[in-house]
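So the structure is just underneath, and the comments pick up after that.
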Amino acid sequence: MPFCPQCGVDNPAGARYCDQCGAMLIPVPAQAAPPPVAPSAAIPAIGPTVCPQCGQAVIPGEAFCDNCGAPLRAPARPVAPVPSPPQSAAPPQPVYPPPAPVTAPSSYQASVAPPAAPPPATPSAPPVPSVAPPSAMPSAPPSYQAPLAPPAPAVPPMTPAPVSGRTTLASCALVVIGTGAVLPLPADSQALVGRSDPVSKFYPDVDLGPHGALDQGVGRRHARIFVQGGQVMIEDLDSVNGTLVNGQRVLPHQSRALSNGDQITLGRMLLRFQA
């Protein structure tokens with residue numbers, strides 16, 4: 001099967017464009033386009049079965065044509081994100097300025113441009129010694145010194161306490177908001193969340209297909225939930241319709257920590273993380 005270099009999705013044999021993100025796949029010889037087929041009234045509203053651009057038959061529900069890459073469905077109307085309750089809203093993350101550039105040590109500059117030698121000093125006449133009267137002579141210093149205070153004992157460096165967190169996703173689950181369906185996560189260190197595709201024989205760890213994932217814009221490889229440093233994280237796998245956590249977008253291939261009760265939005269599907 002062609003492998004998409006953009007999002008890593010396996011595509012059906014003979015596809016020229018990724019049916020997940022629309023990126024061009026490995027070039028294949030052009031195929032003769034069959035005559036266009038008139039749409040039937042019994043076709044569901046999930047998308048055409050024939051590409052309107054080249055007339056090639058496509059898999060129902062795909063966003064892009066496997067043969068020419070043309071979009072198969074009109075873009076979904078933007079849906080305003082559901083406002084999260086004030087008590088569960090995550091505080092805004094602080095933005096830190098970028099670190100200052102590291103400058104070269106002064107020793108390197110000294111090696112490039114050596115300093116000029118100082119001019120020779122003009123010899124001056126030796127000073128005339130003056131003899132002070134005996135009463136003005138300083139007294140001799142005492143032959144002993146006060147004992148110094150003992151040094152303070154060195155404080156051993158404090159070692160950070162080991163991170164006592166989880167190592168697997170056991171006892172974690174995703175709850176479908178609206179239906180209340182509970183989808184347990186596998187007892188492993190990571191889980192792939194998306195929708196299954198029997199045509200390409202792709203089955204994610206958490207299949208949202210039976211819960212209307214296709215109509216709500218959930219991709220086959222939409223997001224990944226994993227454990228890192230004892231904390232449950234979520235990563236967007238360059239999905240077409242994006243991933244939100246508590247109304248804040250998760251950039252592609254960047255992870256974000258999850259807490260119990262966080263609201264996750266995959267496309268337009270609303271989920272709640274339960275730990």
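The letter at position 239 of the sequence shown is residue 239 when you use UniProt numbering, and the numbering goes up by one with no holes. Just so you know, even glycine gets a beta-carbon here, dropped at the ideal spot from N, CA and C. Predicted model only: the values in this text are computed from it and were never measured.
Cα-Cα separation between residue i and residue j, rounded to whole angstroms
{"i": "T168", "j": "G230", "result": "9 Å"}
{"i": "D197", "j": "D262", "result": "28 Å"}
{"i": "A13", "j": "P2", "result": "6 Å"}
{"i": "S189", "j": "A170", "result": "9 Å"}
{"i": "N241", "j": "Q228", "result": "25 Å"}
{"i": "C68", "j": "L25", "result": "10 Å"}
{"i": "Q216", "j": "P60", "result": "14 Å"}
{"i": "V232", "j": "L192", "result": "13 Å"}
{"i": "S255", "j": "Y17", "result": "27 Å"}
{"i": "A45", "j": "R166", "result": "A caution first: A45 carries a pLDDT of 46, below 50, which makes its placement in the model unreliable, though a value can still be read off. The alpha-carbon atoms of A45 and R166 are separated by roughly 43 Å."}
{"i": "D19", "j": "A213", "result": "16 Å"}
{"i": "I225", "j": "L174", "result": "11 Å"}
{"i": "H253", "j": "P71", "result": "24 Å"}
{"i": "A57", "j": "S259", "result": "44 Å"}
{"i": "F64", "j": "L208", "result": "20 Å"}
{"i": "E62", "j": "L270", "result": "21 Å"}
{"i": "residue 279", "j": "T179", "result": "With the chain covering 1 to 275 only, the question about residue 279 has no answer from this structure."}
{"i": "P204", "j": "A15", "result": "21 Å"}
{"i": "C21", "j": "V245", "result": "22 Å"}
Close Cβ partners of residue i (< 6 Å) along its chain, the five nearest in sequence each way excluded
{"i": "A23", "result": "C4, Q6"}
{"i": "C172", "result": "L185, A275"}
{"i": "V206", "result": "L183, A191, V193"}
{"i": "S239", "result": "G219, H222"}
{"i": "P52", "result": "none"}
{"i": "G8", "result": "none"}
Identified DSSP bridge partners for residue i
{"i": "L266", "result": "T243, M269"}
{"i": "P252", "result": "D236"}
{"i": "D197", "result": "F202"}
{"i": "R224", "result": "L192, E235"}
{"i": "V182", "result": "V175"}
{"i": "V50", "result": "A57"}
{"i": "D19", "result": "None, per the DSSP bridge assignment."}
{"i": "A257", "result": "M233"}
{"i": "P71", "result": "F64"}
{"i": "Q274", "result": "A173"}
{"i": "D10", "result": "F3"}
{"i": "D207", "result": "G194"}
Own chain residues within Cβ distance below 8 Å of residue i, not counting five before or after
{"i": "T243", "result": "H222, A223, I234, D236, R249, V250, I264, T265, L266"}
{"i": "residue 279", "result": "Since the first residue shown for the chain is 1 and the last is 275, residue 279 is missing from the structure and cannot be characterised."}
Minimum Cβ-Cβ distance from residue i to chain C less than 8 Å
{"i": "C18", "result": "Of the protein chains in the structure, only one exists, and it is not chain C."}
Rounded distance between the beta-carbons of residue j and residue i, thought under 8 Å
{"i": "G219", "j": "G247", "result": "The Cβ separation is near 20 Å, so there is no contact."}
{"i": "H211", "j": "A187", "result": "With 8 Å as the limit, H211 and A187 do not qualify as a contact, their Cβ atoms being about 22 Å apart."}
{"i": "R268", "j": "I177", "result": "Actually they do not touch by this definition, with Cβ atoms about 11 Å apart."}
Residues near residue i by beta carbon distance below 7 Å, same chain, minus five either side
{"i": "V199", "result": "P12, I59"}
{"i": "D10", "result": "M1, F3, S200, F202"}
beta-carbon residue i near the ligand NAD non-hydrogen atom, thresh 7 Å
{"i": "T243", "result": "Absence of the ligand NAD from the depicted structure is noted, as is the absence of any ligand whatsoever, leaving it without description."}
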